Structures are given as structure tokens and as C-alpha cells.
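Engineer:
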Amino acid sequence: MAKLLYSATMSLDGFIAGPDGDMTWMTKLPETGPHEVADGLWQQIGSLLTGARTYHGNDPNAGTDQEGAFSGLWSGPEFVLTHNPPAQATPGSTFVTDLSTAVQAAKEAAGDKYVCVLGADVAAQCLEAGLLDEILVFVAPVLLGDGTPLFRQAGGTFVALDEISSTAGPTPTIWLSVRR
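Every letter in the sequence shown is one number past the one before it in numbering that gives the first Met the number 0, and letter 4, counting from 1, is 3.
1. Can you name the residues that DSSP bridges to residue 116?
2. Quick check on the DSSP output: the beta strand (DSSP E) that includes residue 102 runs from which residue to which?
3. Please list the terminal residues of the continuous alpha helix (DSSP H) segment that includes residue 37.
4. Measuring straight from C-alpha to C-alpha, what distance separates residue 171 and residue 24?
5. I'd like to check one pair, residue 116 with residue 48: are the Cβ atoms closer than 8 angstroms?
6. Determine the closest residue to residue 121 out of 1, 139, 98 and 94, with distance taken between C-alpha atoms.
7. Excluding the five sequence neighbours on either side, which residues of its own chain have a C-beta within less than 7 angstroms of the C-beta of residue 1, listed in chain order?
8. By Cβ distance, which residues of its chain are closer than 7 angstroms to residue 43, with the 5 residues on each side in sequence left out?
9. Cβ of residue 76 within 8 angstroms of Cβ of residue 119?
10. With which residues is residue 23 paired in a DSSP beta bridge?
Here you go:
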């Protein structure tokens, strides 16, 4: 069965988006060439579980051939967790109002691949509910100073993690499993 993977690129100071959800900083990163983990990740994804702010947020590649998830390489079912589903359906996207239903539907759609969680709030909800399996962080060589943190847990909840793998380089990665 599918696992839930929260994957995000994070600034060195811990932010996945700048102030007001700004993602344009991603287009300012230096080209680092092939990346062992990032280049093949999209092929391991069977579905997306996305928060409403991420879904409606600014795609730094909008209007280019790299628009969309994984720089436009990935396509497939997307489940958007929202309190306000739209009146009209959007092709490829299913709007769901509760976490449990969204996770179950995304897992079924993913088959034996990952459900990629996009959005800090949805990832925190999955973690709090004991549903998040793995976390993959790409550490970008920038400082944003403010914005959306990788995780925000009211009260500072402690969560133990175990390393699956890590890579060095211009954009280091840390792949962790959530200890149960």
C-alpha cells in the first residue's frame, strides 16, 4: 500500500515558501545540474495530497513548460484538502473536506507508489494524526528570513525520525521516516 511522503525544498533557515506564500525564490536558485534524488522522484509518485493554499498558490514555473508538480514532469490524480471545495469540478483534482477521506482516496489512487504531500499545513495534520510515513527535504542554499516553515506544531510537539538516506552537494537532501 502507498506511503505518505512529505517532500519539500526548504531554505537553510527552514522556510518552504517566502512571505505570503511566495514561491518565486525557487526560480532564483543556481542551476546545480543532475540531482540523484530529485531527478527520479516524480516517477515514484502515484498521487498528490495537496493543501488548498498550495493548490491555489503561486507556481514559480507558471506559464512555462515546467509548470505543475515536479517541474511539469508529473501528472496524475490530485486530492486537495479544503474547507471550501469549488462548485465546479477541476479535471484531475478531487476536492475533499476531511483528512481521513483525503488520505484514503490518495492512497488508493497511488497504488504501490507514494502519496506526495504538498503543503506544510496538510503535512502537519498528517503528522499529528499519525498518518505521515516519510519526510524528504531538499535544502536550498538560500536564506529567506520569513515565510512558511517546513513544520509548525503548536506547543512544540516532539517527533522522532530515523534517517533513510542523505546526500551532500549544492542541494543536500535528508530522507527520514517517522518513528512509530
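Don't be surprised by glycine CBs; every beta carbon is placed ideally from N, CA and C.
Note that the structure is predicted; figures quoted are calculated from it, not measured.
Structural biologist: A quick look at the data gives this:
1. 5 and 48
2. Per DSSP, residue 102 belongs to no beta strand (DSSP E); it is in the alpha helix (DSSP H), 98-109.
3. Its alpha helix (DSSP H) spans residues 37-40.
4. C-alpha separation (whole angstroms): 17 angstroms.
5. yes
6. 98
7. 45, 106, 109, 110, 111, 112, 113 and 114
8. 112 and 113
9. No, these two residues do not count as a Cβ contact at 8 angstroms.
10. Beta-bridge pairing links residue 23 to no other residue.
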